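Take any residue in the sequence shown, note its place counting from 1, add 165, and you have its number in our numbering. Virtual Cβ for every residue (Gly too), placed ideally from N, Cα, C. These numbers come from a predicted model, not from an experiment. Step one of this worksheet: look at the structure below.
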Amino acid sequence: MFRANYEAVFLIGLVLMYAVRRYYGLIYRSRGVKEQGFNTPLDRLMTWISELGFVLGAIYLFTDWLAFANYPTAEWWGWAGVPVFGFGLWLLWNAHKDLDRSWSPHVEIQRNQKLITEHVYKHIRHPMYASYFLLGLGQVMMLANWIAGPAFIVLFGLLYLQRVEREESMMLKIFGEEYKAYMQRTGRLLPILKRRHSKSHPYPINTEKK
């Protein structure tokens, strides 16, 4: 079943990830309200397709169907994927928790929605997307298979490219200048590196006339 112990850790992480999503999905459905939806049939299709990435990971763990695509890898590399996947889980949980009732699995605006700019949203605008890329990278490292390993990060990457521009356009439409200012001080997936400018000139300037 498991070719290495870190593959068992991957399975546990997968269960925890779906538990987080299930928990907040139930909260979302219990509200049963939305103000303005921007979801399209393509969104739904791409979401289901991206889910296949984790399904292929499970198929790799429980069957030999993808064994033809296995490749040898160093054990340390597989274990290095554990903290990557773990950080992805942490970020996923905190992104949901910070959004709270503003979270939606769809491209839509909730009634009385607020712009969240604190905690994990302080430096990046899409920590939830970032968490999925980390989970996908962890999967690449822990599953030594040319199909199951990169499956999620590739398929989710397609979903991300299809949605992120429209999501930000939606947020600009709703929050206007507030969101524009937020965009200027944050990165989409990674924090913006700011240079420190010294008030004084870094080199002495000779102002004496010759």
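Less than 8 Å between the CB atoms is what I'm expecting for residue i and residue j, so what's the real figure, rounded?
i	j	result
M307	L257	Contact doesn't hold; Cβ gap of about 17 Å is too wide.
H288	P356	4 Å
Y347	T282	6 Å
Using the three-state DSSP reduction, which class does residue i fall into: helix, strand or coil?
i	result
I289	strand
G301	helix
I370	Any reading at I370 needs caution, since the residue's pLDDT is 41, under 50, leaving its predicted position unreliable; the model's value is listed next. DSSP places I370 in coil when its eight states are reduced to three.
A169	coil
Counting only the same chain and skipping the five closest in sequence on each side, list residues whose C-beta sits under 7 Å from that of residue i.
i	result
E373	Any reading at E373 needs caution, since the residue's pLDDT is 45, under 50, leaving its predicted position unreliable; the model's value is listed next. Cβ within range, chain order: n/a, list empty.
G314	Q304, V305, L308
M113	For residue 113 there is no data in the structure shown, the boundaries of the chain being 166 and 375.
V249	L299, L302, G303, M306
Span of the alpha helix (DSSP H) holding residue i?
i	result
L337	313-340
Ordered along the chain, which non-local residues of its own chain (more than five positions away) have a Cβ less than 8 Å from that of residue i?
i	result
F321	S215, G218, Y297, F298, G301
N259	H284, V285, P292
Leaving out the 5 sequence neighbours to the left and right, which residues in its chain are closer than 6 Å to residue i when beta-carbon positions are compared?
i	result
V247	Y171, V174
G243	A169, Y171, M307
Y325	Y294
N310	Y225, L231, A234, N235
In chain order, which alpha helix (DSSP H) runs of at least 4 residues are fully inside the region 192-260?
Listed in chain order, the complete alpha helix (DSSP H) runs (minimum 4 residues) inside the region 192-260 are 206-227.
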